[in-house]
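Residue numbers (the numbering used here): -4 to 231. Here's the structure, in structure tokens; my notes come after.
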Amino acid sequence: MEVKVFIENYREAFGEKAELPIVFWYSDTPLANTEKINGCFFKGLKTVREGNPISLNAEVIGCGGGKFYTGFTEMPERVPNFVSLKEKYKKTPEMVVEFIEQLGVPLTNRKYLNFVRIDRVETFNEVEGILFLATPDILSGLTTWAYFDNNSEDAVTSMFGSGCSAVATNAVIENSRGGKRTFIGLFDPSVRPHVEANILSFVIPISRFKEMYYTMRESSLFDTHAWNKIRERINN
């Protein structure tokens, strides 16, 4: 897989106005010297979208949930009550605990989690996933591409969880299984203020991307009347 080839294909499929995706991976050395981000670390993705990397760890991430879902800490004791009684995302704290136990968030043994726009990297080595911040039209193309060679009912799925869970946690877990699921996310009201009103996330874990990389040009994203009309609208 070659990064430059993917970018060329992506540009051809979606057009020059489509925002390039972000790649993320863990490492023992930081890609950038990132200042502490208070609250949701998705505030830092503005920097990434502008072309500059960020490197996160437990000290940089100001949100306890963010530290947990990225694998840098155990679950803070306050999370179940906070998610249920304060945020009102689950009916009871016990439901929060049950969700987290079912999810099985793994702890990382690496020191940093890096996010960088895809045109700022040279290889997919060590990448955990590809994050697209997508409008409905772009999301249409991405999901159709994901379904192209996969009839599983969960080929494209959406799960309850925070923004960091929808992106980092789901990708890490899926890769550990060698799975084929892709994930639509950023439905969490707490992360919504940090992205535009018409943006959702679409994450392709690297375990699935290794297959999808080779199917893009075969799919409806190339040489079909329906997608050509959508592509034109994206770029107008």
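Cβ atoms here follow ideal geometry from the backbone N, Cα and C, with glycine treated the same way.
Once you ignore the five residues that flank Y208 on each side, which residues in its own chain have a CB closer than 7 Å to its CB?
By 1-based counting over the sequence shown, the position of residue 208 is 213. For Y208, where only same-chain residues beyond five positions count, the Cβ hits under 7 Å are M(-4), F1.
What residues are listed by DSSP as bridge partners for G180?
Mapped onto the sequence shown, residue 180 falls at position 185. G180 is bridged to S196.
By how many angstroms is the C-alpha of F197 removed from the C-alpha of I179?
Sequence index remark: in the sequence shown, residue 179 carries index 184 (1-based). Sequence index remark: in the sequence shown, residue 197 carries index 202 (1-based). Each residue's Cα considered, the two are about 5 Å apart.
Quick one: complete beta strand (DSSP E) runs, 3+ long, within the stretch 56 to 131?
Those beta strand (DSSP E) runs which fall completely within the stretch 56 to 131 and span 3+ residues are 107 to 112, 124 to 129.
Is it a yes or a no for the stretch 105 to 115 touching the stretch 46 to 59, going by three-plus beta-carbon pairs under 8 Å?
Enough Cβ pairs lie closer than 8 Å, so yes.
Does the Cβ of K62 have 16 or more other Cβ atoms within 10 Å, making it buried, or fewer, making it exposed?
Residue mapping note: residue 62 aligns to position 67 of the sequence shown, counting from 1. Buried.
With DSSP as the reference, label Y208 as helix, strand or coil.
Position 213 of the sequence shown, counted from the start, is the residue given in the question as residue 208. The answer is coil: DSSP assigns Y208 none of H, G, I, E or B.
Looking only at DSSP bridge pairs, what is F19 linked to?
The sequence position of residue 19 within the sequence shown is 24, counting from 1. For F19, which the question treats as bridged, DSSP gives the partners F110, G124.
Specify, as a first and last residue, the run of the alpha helix (DSSP H) that I2 falls within.
Mapped onto the sequence shown, residue 2 falls at position 7. Run containing I2: -2 to 9, per the alpha helix (DSSP H) assignment.
Compute the beta-carbon to beta-carbon distance between F9 and V186, rounded to the nearest angstrom, for a pair I have assumed lies under 8 Å.
Counted from its first residue, the sequence shown places residue 9 at position 14. Counted from its first residue, the sequence shown places residue 186 at position 191. So it is not a contact: roughly 24 Å between Cβ atoms.
For T219, which of helix, strand or coil comes out of DSSP?
On the sequence shown, residue 219 is found 224 positions in, with the first residue counted as 1. If DSSP states are grouped into helix, strand and coil, T219 belongs with coil.
In chain order, what residues of the same chain have a beta carbon less than 7 Å from the beta carbon of L26, not counting five sequence neighbours either side?
The residue labelled residue 26 in the question sits at position 31 within the sequence shown. P48, S50, N109, V111.
Can you check DSSP and say which residues form a bridge with S147?
Along the sequence shown, one-based indexing puts residue 147 at 152. The partner list for S147 (beta bridge, DSSP) is empty, contrary to what the question assumes.
Residues bridged to I49 by DSSP?
The count along the sequence shown starts at 1 and reaches residue 49 at position 54. I49 pairs with F110.
Report buried or exposed for E3, applying the criterion of at least 16 other Cβ atoms within 10 angstroms of its Cβ.
Numbered from its first residue, the sequence shown carries residue 3 at position 8. With fewer than 16 other Cβ atoms within 10 Å, it is exposed.
By Cβ distance below 7 Å, which residues in the same chain neighbour V116 in space, the five residues on each side in sequence not counted?
The residue given as residue 116 occupies position 121 in the sequence shown. Hits under 7 Å: V(-2), V18.
For the candidate residues G39, D23, I225, G57, whose alpha-carbon lies nearest to that of L137?
For this step, residue 137 is matched to residue 142 along the sequence shown. For the residues G39, D23, I225, G57, the minimum Cα distance to L137 belongs to I225.
Suppose you measure from the CA of N193 to the CA of K83; what does that come to, to the nearest Å?
If you number the sequence shown from 1, residue 193 lands on position 198. If you number the sequence shown from 1, residue 83 lands on position 88. The alpha-carbon atoms of N193 and K83 are separated by roughly 24 Å.
Ordered along the chain, which non-local residues of its own chain (more than five positions away) have a Cβ less than 8 Å from that of M90?
For this step, residue 90 is matched to residue 95 along the sequence shown. Same-chain partners within the cutoff: S79.
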